[in-house]
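Visitor:
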Amino acid sequence: MSTTETITEKASLAARALQKAASGIRGLDDITGGGLPKGRPTLVCGGPGSGKTLFGMEFLVRGASEYGEPGVFAAFEETPEELATNVASLGFDLNELCAQKKLFLDHIRIERSEIEETGEYDLEGLFVRLGYGIQEVGAKRVVLDTLEALFAAFRNEGILRAELRRLFRWLKDRGVTAVITGERGTETLTRHGLEEYVSDCVILLDNRVENQITTRRLRIVKYRGSTHGTNEYPFLIDEGGFSVLPVTALRLEHAVSRERVSTGIPRLDAMLGGQGVYRGSTVLVSGTAGTGKTSIAASFVNAACRRGDRCLYAAYEESPNQIQRNMESIGIHLRPWVEKGLLRFHAARPTLYGLETHLATLHKRVAELQPRLVVVDPVTNFITAGSESEVRAMLTRLIDFLKTEGITGVFTSLTGGGGAIEATEVGVSSLMDTWLLLRMVESSGERNRVLYVLKSRGMEHSHQMREFRLSERGVELTDVYVGPAGVLTGSARLAQEAKERAEALLRDQETARKQRELERQRAALRAQITALQAEFEAREEEMRRAIDQEQLRESVLRADRAAMSGARGANREGPPPESGGSPVPGGGADVRAETI
Amino acid sequence: MSEPKPSDDEATAGEEGEPWVLRIYVSDDTPRAKLAVANLRRLCEEHLPGRFRIEVIDIETDPGAAFRDGIVAIPTVSRRNPLPVRTLIGTLTDTARALDQLDLAERPETAVKGEDH
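Protein chains in written order, with the working numbering: chain A, 22 to 617; chain B, 3 to 119.
Below is the structure:
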């Protein structure tokens, strides 16, 4: 029971919560959480030339053409013709909108010198005219630009203030979403304190010049009943109208991708866990002059275009033509991608305008092209357009933006010769997901490039140095020689490798020689063995023959003797002659022993 | 929309040529509107007897008139004839200023000048 009540209570609360009217001004609806307070007046104040009129006009034009909300523009300063001409350059066709009854322009002209005040009066005429315009087109939106002209027109400020109070109440009663512009005062938001009548929403426009660079900024001073971004947001006025940059993402909760994209350099992909970087992550390529930062960036672009991804290359140092020509020399052909519409260059001098404007322009380009890869080359050049903290703030916002959009960002950063190699000038490395560091290694009178992955969030990556070479075949990474003498690159590496090869060759030759020796020895021994065996066989033969002859002679002898004895008359004497002999000497000893 | 209504007691044509045309814009039948119209009529009767026409325009009933004629303050009195158009706002309580703005202050001189052309 009580839960149901709470739910209905919440529902009614939500229904009562402030409704918003989308302004249609790019970026503004993001920082206001949906637009201006619906059915209420909003005060837009700013100095001369800060874009107040345009703000109001775009609010009306967008409302009429995109949100089906017709509007009334009450111009106190410019005639309808002037207005139409002024905003035609921004692509707004006021005459057409008026003809379609989507817009009602009323030029409220009051010339103080032509009017004499002769007693009490009120501004009912203004109310009636606004009411007339609202009725004519069925307006949901009203712009009063600028009400402060009334202060110049009427002498009686008491009447005027009372009427202004009544006017704001009247606008609210009408339920129109109104924009009232006011001239910036020196100590107050508006010169005549209009802010005291508008309590719902106050927006301040600013046009500041710092170091001869102008930057337009917008700030929401107050927005009753709504959360809003409180920062100063840069904005642009260009051929597409007004665009405000929600430069810092209000939340840190962008979706992340697990998809990996190639860097365009196979060996580098291999160093990054074999698959390259995460889509939507940020890559910092830092290094001293001439280390090949642009070449690496161009490789990323080339690989992305080959995948069919659109790329935006923001060049702040070289012209697009120069980049294309230079990259052709290392076999990276960017022109076909440009022709196919996959790659677009955005080239600008850093000092051309302020950082905020740079950022705003990039936002716009990204919004137009919808790229999946953005290269900023180099970020360090921005230092000429702002202080270090400003540059860092700008890049933070740019990175936030790219991450929110899921766009892979490649940033090159020039490291000064003197500074620590791991310090990026603008101190953005902590914002980066992957940091590729390029270094020059000097040895044996030459400089060679080495690359290593200083960090790469969320993936296994190699911690080894690779020699980084640019040839007409593109960017190549080679293993460096790491030995007791340190890291060797270039010709030193080649020399070392040659030396090692020679040594290895020598070792090989030695082994072969020994092997041959062994063979020879084995052959020699084997020959010796064969010779000995032959000798032995020869001797054996000889011996056998001798034995045979002996036996033969014996048998012949025996045969002879037998023949001889046969001839003497056979067996006259008893024992054979060989068994008879002399008396035995031992018999004598025996005798001697018997004697003792 | 609605045509200006001449009041009955005003001359439609004066004996000295074209009558003065004074248009007064009011909003609704408020006491202030009544006061302004009464003050204007009194001034005209005093300084332009029989040679004026007062047109009362109620912008509440004809808002387009306020837009077309560029009316902001109410009441506004506009001298349509003779030209140039002279404009004054307020209830015409400040008679001296009203006469000055309408060129009625030095009536004889102005009249001579006016009749010259």
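Built from N, CA and C at the ideal position, the CB exists for glycine as well.
Remember, it's a predicted structure, so these values are computed and weren't measured experimentally.
Can you tell me the Cβ-Cβ gap for A/ARG238 and A/ARG229, rounded? I've got them flagged as a contact below 8 Å.
Guide: Here the question's residue 238 of chain A lines up with position 217 in the first sequence. Here the question's residue 229 of chain A lines up with position 208 in the first sequence. That pair is a contact at about 7 Å.
Visitor: Beta-carbon of A/ARG195 versus every beta-carbon of chain B: anything under 7 Å?
Guide: Your numbering for residue 195 of chain A matches position 174 in the first sequence. Not an interface residue.
Visitor: Alpha carbon to alpha carbon, what distance is there between A/GLU411 and A/ILE258?
Guide: On the first sequence, residue 258 of chain A is found 237 positions in, with the first residue counted as 1. On the first sequence, residue 411 of chain A is found 390 positions in, with the first residue counted as 1. C-alpha separation (whole angstroms): 21 Å.
Visitor: What residue range does the alpha helix (DSSP H) around A/TYR254 cover?
Guide: Along the first sequence, one-based indexing puts residue 254 of chain A at 233. Annotation: A/TYR254 is outside any alpha helix (DSSP H); the continuous beta strand (DSSP E) that includes it extends over 253-259.
Visitor: Any beta carbon of chain B sitting closer than 7 Å to that of A/LEU667?
Guide: Nothing can be reported for residue 667 of chain A: it is not among the residues displayed for chain A, which extend from 22 to 617.
Visitor: Who are the neighbours of A/GLU138 on chain B, taking C-beta pairs under 7 Å?
Guide: The residue you call residue 138 of chain A lines up with position 117 of the first sequence. What A/GLU138 touches in chain B: ILE91 and GLY92.
Visitor: Quick one: is B/THR63 near chain A, going by C-beta distance under 7 Å?
Guide: Here residue 63 of chain B is taken as the residue at index 61 of the second sequence, counted from 1. Answer no: the Cβ-Cβ gap between B/THR63 and chain A never drops below 7 Å.
Visitor: Closer than 7 Å by beta-carbon distance: list the chain A residues that pair up with B/VAL74, in chain order.
Guide: The residue given as residue 74 of chain B occupies position 72 in the second sequence. For B/VAL74, the residues of chain A that pass the 7 Å Cβ criterion are ILE129, ILE131, LEU144, GLY146 and LEU147, in the order they occur in the chain.
Visitor: Measure the Cβ-Cβ separation of A/LEU629 and A/HIS482 and say whether it is below 7 Å.
Guide: Nothing can be reported for residue 629 of chain A: it is not among the residues displayed for chain A, which extend from 22 to 617.
Visitor: Below 6 Å CB to CB, which residues in the same chain sit around A/THR53 once its five sequence neighbours on both sides are set aside?
Guide: As a first step, residue 53 of chain A is located in the first sequence; it is residue number 32 there, counting from the start. Excluding positions up to five away in sequence, the list reads HIS249.
Visitor: Around the Cβ of B/ALA68, are there at least 16 other Cβ atoms within 10 angstroms (buried) or fewer (exposed)?
Guide: If you number the second sequence from 1, residue 68 of chain B lands on position 66. Its Cβ being crowded by 16 or more others within 10 Å, B/ALA68 is buried.
Visitor: Considering Cα atoms alone, identify which of A/LEU210, A/VAL277, A/VAL496 and A/LYS243 is closest to A/ASP221.
Guide: For the purposes of this step, residue 221 of chain A is taken as residue 200 along the first sequence, with counting starting at 1. That would be A/LYS243, whose Cα lies nearest to the Cα of A/ASP221.
Visitor: Under 6 Å: does the beta carbon of A/ASN107 sit that close to some heavy atom of the ligand ADP?
Guide: For the ligand ADP, the structure offers nothing, since it holds no ligand at all.
Visitor: Given A/TYR218, which residues of its chain have a CB within under 7 Å of its CB, disregarding the five upstream and five downstream residues?
Guide: For the purposes of this step, residue 218 of chain A is identified with residue 197 of the first sequence, where counting begins at 1. Answer for A/TYR218: LEU185, ARG186 and PHE189, listed in chain order.
Visitor: Taking only three categories from DSSP, how would you classify A/ARG240?
Guide: In the first sequence, the residue the question calls residue 240 of chain A occupies position 219. Here A/ARG240 sits in strand by DSSP.
Visitor: Tell me which same chain residues have a C-beta within less than 7 Å of the C-beta of B/GLN103, skipping the five on either side of it?
Guide: Sequence index remark: in the second sequence, residue 103 of chain B carries index 101 (1-based). Same-chain partners within the cutoff: ARG88 and LEU90.
Visitor: Listed from N- to C-terminal order along the chain, which residues in the stretch 37-61 of chain B have their beta-carbon within a distance smaller than 7 Å of any beta-carbon of chain A?
Guide: ILE61
Visitor: Given that A/GLU135 touches chain B, what residues does it touch there, using C-beta distances under 7 Å?
Guide: Counted from its first residue, the first sequence places residue 135 of chain A at position 114. Correct list: THR89.
Visitor: Does A/ILE351 come out as helix, strand or coil in the three-state DSSP assignment?
Guide: Taking the first sequence and counting its residues from 1, one reaches residue 351 of chain A at position 330. Reduced to three states, the DSSP call for A/ILE351 is coil.
Visitor: Considering only the alpha carbon of each residue, which of A/LEU452, A/PHE76, A/ARG566 and A/TRP456 lies closest to A/THR202?
Guide: Locating residue 202 of chain A in the first sequence gives position 181, counting from the first residue. Checked all of A/LEU452, A/PHE76, A/ARG566 and A/TRP456; the closest Cα to A/THR202 is A/PHE76.
Visitor: Pairs of beta-carbons, one from the stretch 103-123 of chain A and one from the stretch 75-91 of chain A, closer than 8 Å: are there three or more?
Guide: yes
Visitor: Taking Cβ positions only, does A/GLU178 come closer than 7 Å to chain B?
Guide: As a working mapping, residue 178 of chain A is identified with position 157 in the first sequence. Judged by the 7 Å Cβ criterion, A/GLU178 is not in contact with chain B.
Visitor: On a Cα-Cα basis, can you pick out the residue from A/LYS73, A/GLU540, A/GLU117 and A/GLU90 that is closest to A/ALA42?
Guide: For the purposes of this step, residue 42 of chain A is identified with residue 21 of the first sequence, where counting begins at 1. Comparing Cα-Cα distances from A/ALA42 to each of A/LYS73, A/GLU540, A/GLU117 and A/GLU90, the minimum goes to A/GLU90.
Visitor: Please state whether DSSP places A/ARG212 in a helix, a strand or coil.
Guide: Within the first sequence, numbered from 1, the residue matching residue 212 of chain A stands at position 191. It is coil, neither helix nor strand.
Visitor: Please confirm whether B/ARG99 has its beta-carbon closer than 7 Å to some beta-carbon of chain A.
Guide: Counting from 1 along the second sequence, the entry for residue 99 of chain B is found at position 97. At least one CB of chain A lies nearer than 7 Å to the CB of B/ARG99.
Visitor: If you pair each beta-carbon of the stretch 459-475 of chain A with each one of the stretch 348-362 of chain A, do three or more pairs fall below 8 Å?
Guide: no
Visitor: Starting from the C-beta of A/PRO371, find all residues in its chain whose C-beta is less than 6 Å away, skip the five residues before and the five after it, and write them out in chain order.
Guide: Reading the first sequence from its first residue, position 350 is the one you call residue 371 of chain A. Same-chain partners within the cutoff: TYR337, ASN402, PHE403, THR405 and ALA406.
Visitor: So, helix, strand or coil for A/HIS384, using DSSP?
Guide: Reading the first sequence from its first residue, position 363 is the one you call residue 384 of chain A. Reduced to three states, the DSSP call for A/HIS384 is helix.
Visitor: So, for B/HIS119: in the same chain, excluding its five sequence neighbours on each side, which residues have a beta-carbon less than 6 Å away from its beta-carbon?
Guide: The residue labelled residue 119 of chain B in the question sits at position 117 within the second sequence. At B/HIS119 the pLDDT is 43, less than 50, meaning the model places this residue with poor confidence and gives no usable figure here.
Visitor: Going by alpha carbons, who is nearest to A/ILE155 out of A/ARG460, A/ARG413 and A/ALA199?
Guide: Within the first sequence, the letter at position 134 stands for residue 155 of chain A. Among A/ARG460, A/ARG413 and A/ALA199, the Cα nearest to that of A/ILE155 belongs to A/ALA199.
Visitor: Is A/GLU169 close to chain B? Criterion is C-beta to C-beta, closer than 7 Å.
Guide: Mapped onto the first sequence, residue 169 of chain A falls at position 148. False, the Cβ-Cβ gap to chain B never drops below 7 Å.
Visitor: For a test of the three-state rule: what should DSSP assign to B/VAL39, helix, strand or coil?
Guide: For this step, residue 39 of chain B is matched to residue 37 along the second sequence. The answer is helix: DSSP assigns B/VAL39 an H, G or I state.
Visitor: Could you check if A/HIS379 is buried or exposed, using at least 16 other CB atoms within 10 Å of its CB as the buried criterion?
Guide: In the first sequence, residue 379 of chain A corresponds to position 358, counting from 1. It counts as buried.
Visitor: Using a Cβ-Cβ cut-off of 6 Å (strictly less than) and excluding sequence neighbours within five positions of A/THR433, which residues of its own chain qualify?
Guide: Here the question's residue 433 of chain A lines up with position 412 in the first sequence. Non-local beta-carbon contacts of A/THR433 in its own chain, meaning distances under 6 Å to residues more than five positions away in sequence, involve VAL306, LYS314, ALA318, ASP398 and PRO399 in chain order.
Visitor: Under 8 Å: do the stretch 278-288 of chain A and the stretch 136-148 of chain A share three or more Cβ pairs, one atom per stretch?
Guide: no
Visitor: Let me see if you follow: with CB-CB separation under 7 Å, is B/THR32 close to chain A or not?
Guide: Against the second sequence, residue 32 of chain B aligns to sequence position 30. Not one chain A Cβ lies under 7 Å of B/THR32.
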